[in-house]
Amino acid sequence: MLPDSDPLDLVQPAPRVPFLAIPATWRPKRAWLALVPSPRSTPFTFGYLVLLLGTSLLIRFASPKLTDKLLAVSSTDAHNMARHPLTALLTSAFWIADGGWLPYAVIFAIAVAPFERRFGGLRTALVFFSGHVLATIATELPVMALIHTDVLPHSAGRWLDIGVSYGFLTTAGVLVALLRGRARIAGIVALELFVISVYVTDDPASLASVVTVLGHACAAHFGLLVWGPRLRSVPRIAR
8 MLPDSDPLDL
18 VQPAPRVPFL
28 AIPATWRPKR
38 AWLALVPSPR
48 STPFTFGYLV
58 LLLGTSLLIR
68 FASPKLTDKL
78 LAVSSTDAHN
88 MARHPLTALL
98 TSAFWIADGG
108 WLPYAVIFAI
118 AVAPFERRFG
128 GLRTALVFFS
138 GHVLATIATE
148 LPVMALIHTD
158 VLPHSAGRWL
168 DIGVSYGFLT
178 TAGVLVALLR
188 GRARIAGIVA
198 LELFVISVYV
208 TDDPASLASV
218 VTVLGHACAA
228 HFGLLVWGPR
238 LRSVPRIAR
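Going by our numbering, the first residue of the sequence shown is number 8, and it counts up by one from there.
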């Protein structure tokens, strides 16, 4: 024992362990948490996902009569594009056909949120919706022409065409264009395989699937070949 020391001073209390404490090795890294869309870092992505969650819940719990009517009005099919194109173009991007919100939340975290972190919310909205509008017009105008010339039956103008895939594929195309070297080649291959896989796992023989895959290809290459080179020299926004 040290001289002139109190024995009680040598006894240190054991640290208290919080109730239900999570070991440090189980806690997610801050780098992973930073990838999750948030109202502060990615307000456009976060707000869009909240809106999609609301419409998905509406499809899930509202009456089928109401949801069928809303989806029919929002569809960018040839019939609606000929009668109220602006309404169809605006509202079709706020619905998910199967109501499966979670997979789209993951896709937005991968393909839209990184874009917004680099370029900001306003430019993200511009690129997203420009891809949605361009791909829709590029695929539906030929269908309208074929119906008008009686090559396709009039029933082909009323298939349900809603969703957000054109928008996020455009931003994904830009992100791939920003890569360099082998990473860009790998990104292009992955983007093309994604478009093809969506087509072959749907109903490849149907008109709806053909129109959709053409829209997907148009949106992805619009981002890759048009927006990508334009945004390559744009500096990252300050945080």
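For glycine and all other residues, C-beta sits at the position ideal for the given N, C-alpha and C.
Rounded C-alpha distance that separates residue i from residue j
i	j	result
Ser137	Phe175	11 Å
His86	Pro44	36 Å
Gly222	Asp210	15 Å
Ala28	Leu64	Confidence at Ala28 is low in this model, with a pLDDT of 45, below 50, so the placement of that residue is unreliable and no value is reported for it.
Ala153	Ile244	According to the sequence shown, residue 153 is Leu rather than Ala. So the two alpha carbons sit approximately 45 Å from each other.
Val205	Val220	8 Å
His139	Leu96	8 Å
Leu78	Ser70	12 Å
Trp108	Ala224	23 Å
Thr94	Leu185	33 Å
Residue i (DSSP reduced to helix, strand or coil)
i	result
Val83	What sits at residue 83 in the sequence shown is Thr, not Val. Here Thr83 sits in coil by DSSP.
Ser63	helix
Ser204	helix
Gly180	helix
Test item: CB-CB of residue i and residue j under 7 Å
i	j	result
Ile169	Ala104	yes
Gly235	Val181	yes
Thr177	Phe122	no
Leu133	Phe229	no
Ala112	Leu198	no
Ser99	Thr74	no
Gly194	Val207	no
Pro50	Gly128	yes
Problem set entry | Three-pair Cβ contact test at 8 Å for the stretch 108-117 versus the stretch 185-200 | Two segments are said to touch when three or more pairs of C-beta atoms, one from each, lie closer than 8 Å; by this definition the stretch 108-117 does not touch the stretch 185-200.
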